[in-house]
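Working notes for the structure below.
Protein chains in written order, with the numbering used here: chain A, 1 to 75; chain B, 76 to 598; chain C, 599 to 944.
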């Protein structure tokens, strides 16, 4: 989780990722950020996020994103 | 069958009656039968292609479904195996599914190519569907909305985002539900699929709001869009220059807005009368403050389709990820971060452009959109600075209006490429605005020489005011729902709308007094 | 709920009233067009007719019922309208015979057989709109509709004429509520002008593309035969006299009708070129250079046909019945008066 927040802070350092619940809905992450983030996550956690999981509800908060990573890592 | 016709209204009326009279369990069968009848009007050959799409998507989806349950069963039987092994098994199964999807799409394309080039049959014959934008895409490419619905569904099942519909007839209804055959929206199974099959009780509200929406669609299309169409045609055909080019941008925007959103209103309103909510395709697009916002509000389901099934999958492919890593390492973060996204954006827009038609003007249209989007994305930090520095100015109504007008003008300019269907000519006419000083024609009445009378222009103007007002009043909640809550006003508003469409609509043969004089033929 | 139903019903009623008013206003008045309402007068006629004439302009400008009664005591009516096609003639005849099953002779002018489909929607619509509602009218509409027409527009003419909103004038409002009179004389439309045939005109008729008359119109002729048989009326075929290259009656067509008449045991009279027998003078008996007869020509042709009807077809002389004589005398007077007026204005 901490590692993920580090990745996120590289993109937008001004955001408080512990509390922000609307990263996509509030327009903080755009498609450019999302694609970059997916590449970074792939590198860091060896988890490839498939296209079908690119949904607002999976990217709206650091917690949701972390849950997605965990879910993808289990079978 | 033309949507904007008496025949369609009669068809809809009979269908709605049959639908609510039928036993609840059989309602979906009525919809299927209605879709078959609707399609039969388009001719037998067109049914064949739809049938091919239904069968191919059904077979693929069923095969994938079977493999998915086999895979799940194997996984639950082998819980003791290490994670890596289980993962590998699942990935292998998924790869197989992907092959099925690809083969399915391949067969679809082959069928399309066969239909188009071998049998010489071009798309479905929606004779005078009138819905220019939608029908146009059909005629040019022979690809239609149901193909996109079917492909989207195959991918959703592959992605385990939609259940497998095992009943062939139900599957056929999902792909071929008649209102969306001609001009969309491109619906997803997860949004609408089950709605078709659950029972729907007769509700006055659905009937009313649906009917108002249909009537409103007729108004937009017949009173505004079709009325201004002759002027669009005349400016293009007569190759008028200068200020007429600007008029063309304006008129064509009015026409396409009335035509397309009006058509979609008829589609969604018809479905609403049946108690079915299809996805919205427009959300007050001309109020957009930026191009990006515009494309989130205009032709929404198409944009979503290309984002979901082309842009994101392309972005997360292994090669794109590799490119991303490589470019960030070699070109620096700033460029490296952008390069892969830019490439996928351009490819996605190219695909969008070619979907509208295989012609250069669509390529240019798509690339211009893409350019505007990417440039404004790059300028975003600047905008943010401006916003934070002058928050009050930015939030003021005049500035917000300015942004909406700016976006409208920009989009109108880009849109005009599909009027001329000729890229150099479009540019030539664009530059004539600066070289041909004929602004006087705006005021000396020569605008009425475009095949639209002064009286008609007045009606169109009032119609535009109506559209603007209805859009504003429906900002938070559709106006028709507010009208439902006021029985008197609501009933009279619908009656007035029908009256206005019948009298001021552009339909039928037109009236030429001299043609009714027989003696005139003897000389 | 009650309130809502009441509101919906009231709104519907208001909509219908508004549409009917708008429709009355938007339907163009054709009363200033002499050929605008040729069929309407028949509805008011209450007397019986022994002979019914059906066909197009050649018949309603060629046959004068007033003359037939005055000279032969034949009671007749002309059921013709502009460019009336064979199927329209058939369904109009169907309506007529339903009203008057005792008609003795039906005379049909064969020119319209050249049309296998409706030539002009507007003209066809004038004919159809003047028919009173009946199954025959519905069938006539269905047989006549051109490609882009909708059946609904015959039930709701506003669908056809709504475009007139932009050209409405105060005159239209006046006309909507005005009363109109039938200007025909038992279906005969009087033309008093004289425009002689130009003797220097040596144009030739267009080459005939298809020597056979269209199958569709022959089919309706067949139906007309059957209809007359059903009512025990004799069907007589005529071709009106003309002297023009326009609307030319080709020999090939004539031969086809001759053999058809023979096969069906019908009488067929072709008056084209029979100028001497009829006593026609093309320098004064036509109002449009030989295409149609004017009142002088029409009287000559009518008298000839009257002779034939009496001698060959046994049509009765009805004169002597005081009431009938009085009724017809009124008509003859009106006819004579209009003819004299026409002469004075020259």
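Yeah, the Cβ is synthetic: ideal placement off N, Cα and C, and Gly gets one too. As the structure is a prediction and not an experimental result, all values here were calculated from the model.
Please list, in chain order, all residues of the same chain as residue i whose beta carbon is under 6 Å from its beta carbon, the five residues on each side excluded.
i	result
residue 276 of chain B	none
residue 299 of chain B	333, 535 and 538
residue 814 of chain C	714
residue 629 of chain C	778
residue 933 of chain C	664 and 783
residue 930 of chain C	664 and 668
residue 447 of chain B	366
So with CB distances below 9 Å, who are the chain C contacts of residue i?
i	result
residue 458 of chain B	In chain order: nothing, as chain C lies at least about 47 Å away.
residue 108 of chain B	Chain C residues near residue 108 of chain B: none, gap ~23 Å exceeds 9 Å.
residue 590 of chain B	718, 719, 720 and 721
Report the neighbours of residue i on chain B: residues whose CB is nearer than 9 Å to its CB, in chain order.
i	result
residue 610 of chain C	566 and 570
residue 49 of chain A	391
Let me confirm a value: residue i is counted as buried when at least 16 other C-beta atoms fall within 10 Å, else exposed. Which label applies?
i	result
residue 830 of chain C	exposed
residue 892 of chain C	buried
residue 621 of chain C	buried
residue 405 of chain B	exposed
residue 436 of chain B	buried
residue 257 of chain B	buried
residue 942 of chain C	exposed
residue 13 of chain A	exposed
residue 905 of chain C	exposed
residue 552 of chain B	exposed
residue 818 of chain C	buried
residue 798 of chain C	exposed
residue 71 of chain A	exposed
residue 660 of chain C	buried
residue 928 of chain C	exposed
residue 394 of chain B	exposed
residue 677 of chain C	buried
residue 561 of chain B	exposed
residue 548 of chain B	exposed
Residue i touches chain B at which residues, Cβ-Cβ below 8 Å?
i	result
residue 746 of chain C	584
residue 635 of chain C	Within chain B, no residue comes near residue 635 of chain C; the closest Cβ sits about 12 Å away, beyond 8 Å.
Below 7 Å on C-beta distance, what does residue i contact in chain C?
i	result
residue 530 of chain B	764
residue 562 of chain B	601, 602 and 605
residue 579 of chain B	763
Can you pull the chain C residues whose beta carbon is under 8 Å from the beta carbon of residue i, in chain order?
i	result
residue 91 of chain B	The contacting residues do not exist; residue 91 of chain B stays about 16 Å from chain C at best.
Using a Cβ cut-off of 9 Å, pull out every chain A residue sitting near residue i, in sequence order please.
i	result
residue 466 of chain B	The premise fails here: residue 466 of chain B is roughly 16 Å from chain A at the closest Cβ pair, so nothing lies under 9 Å.
Residues of chain A with CB closer than 8 Å to the CB of residue i, please, in chain order.
i	result
residue 412 of chain B	32 and 36
residue 534 of chain B	The premise fails here: residue 534 of chain B is roughly 40 Å from chain A at the closest Cβ pair, so nothing lies under 8 Å.
residue 399 of chain B	35, 36 and 39
Might you give, ordered along the chain, the residues of its own chain that have their beta carbon closer than 7 Å to the beta carbon of residue i, omitting 5 neighbours on each side?
i	result
residue 110 of chain B	248, 251, 252 and 253
Starting from residue i, find everything on chain B with Cβ-Cβ shorter than 7 Å and list it in chain order.
i	result
residue 42 of chain A	396
residue 759 of chain C	586
residue 613 of chain C	570, 573 and 574
Leaving out the 5 sequence neighbours to the left and right, which residues in its chain are closer than 8 Å to residue i when beta-carbon positions are compared?
i	result
residue 711 of chain C	684, 811, 812, 815, 816, 819, 851 and 855
residue 595 of chain B	With a pLDDT of 42 at residue 595 of chain B, under the threshold of 50, the modelled position of this residue cannot be trusted; read the value that follows with caution. Same-chain partners within the cutoff: 589.
Could you tell me if the beta carbon of residue i falls within a distance shorter than 8 Å of some heavy atom in the ligand HEM?
i	result
residue 813 of chain C	Absence of the ligand HEM is noted for the structure shown, with no ligands found whatsoever.
**Asked** Is the region 270-289 of chain B touching the region 144-155 of chain B, taking contact as three or more C-beta pairs under 8 Å?
**Response** Result no; under three Cβ-Cβ pairs closer than 8 Å.
**Message:** As an exercise, report each continuous alpha helix (DSSP H) stretch of at least 4 residues that is fully enclosed by the region 831-866 of chain C, in chain order.
**Reply:** 849-862
**Request:** Would you check if the region 386-395 of chain B and the region 232-243 of chain B touch, i.e. whether three or more CB-CB distances between them fall below 8 Å?
**Result:** no
**Message:** Would the region 411-428 of chain B count as touching the region 263-272 of chain B if we require 3 or more Cβ pairs under 8 Å?
**Reply:** no
**Asked** So does the region 561-573 of chain B actually touch the region 722-739 of chain C, counting three or more Cβ pairs closer than 8 Å?
**Response** no
**Request:** State whether the region 510-517 of chain B contacts the region 304-318 of chain B, with contact taken as three or more CB pairs (one from each stretch) at a distance under 8 Å.
**Result:** yes
**Prompt:** Is there contact here, the region 778-785 of chain C with the region 861-879 of chain C, by at least three beta-carbon pairs under 8 Å?
**Reply:** no
**Request:** List in chain order: all unbroken alpha helix (DSSP H) runs of 4+ residues lying wholly within the region 393-466 of chain B.
**Result:** Listed in chain order, the complete alpha helix (DSSP H) runs (minimum 4 residues) inside the region 393-466 of chain B are 393-431 and 435-464.
**Item:** Residue ranges of each alpha helix (DSSP H) within the region 209-276 of chain B, 4 or longer
**Value:** 220-233, 243-251, 255-258 and 269-272
**Prompt:** Quick check: the region 453-468 of chain B against the region 283-301 of chain B, are there 3 or more CB pairs under 8 Å?
**Reply:** no
**Request:** Counting only runs of 4+ residues fully inside the region 331-397 of chain B, write out the alpha helix (DSSP H) ranges in chain order.
**Result:** 366-372, 375-381 and 387-390
**Asked** Does the region 49-64 of chain A come close enough to the region 9-26 of chain A to have 3 or more Cβ pairs within less than 8 Å?
**Response** yes
**the region 139-146 of chain B / the region 168-181 of chain B touching (three or more Cβ pairs under 8 Å)** = Yes, since at least three Cβ pairs between the region 139-146 of chain B and the region 168-181 of chain B fall closer than 8 Å, the two stretches touch.
**Item:** Entirely enclosed alpha helix (DSSP H) segments - the region 757-799 of chain C, minimum 4 residues
**Value:** 768-774
**Touch test, the region 406-413 of chain B against the region 457-468 of chain B, Cβ-Cβ under 8 Å, three pairs minimum** = no
**Message:** I'd like to know if the region 367-384 of chain B and the region 489-499 of chain B are in contact, where contact means that at least 3 CB-CB pairs between them fall below 8 Å.
**Reply:** no
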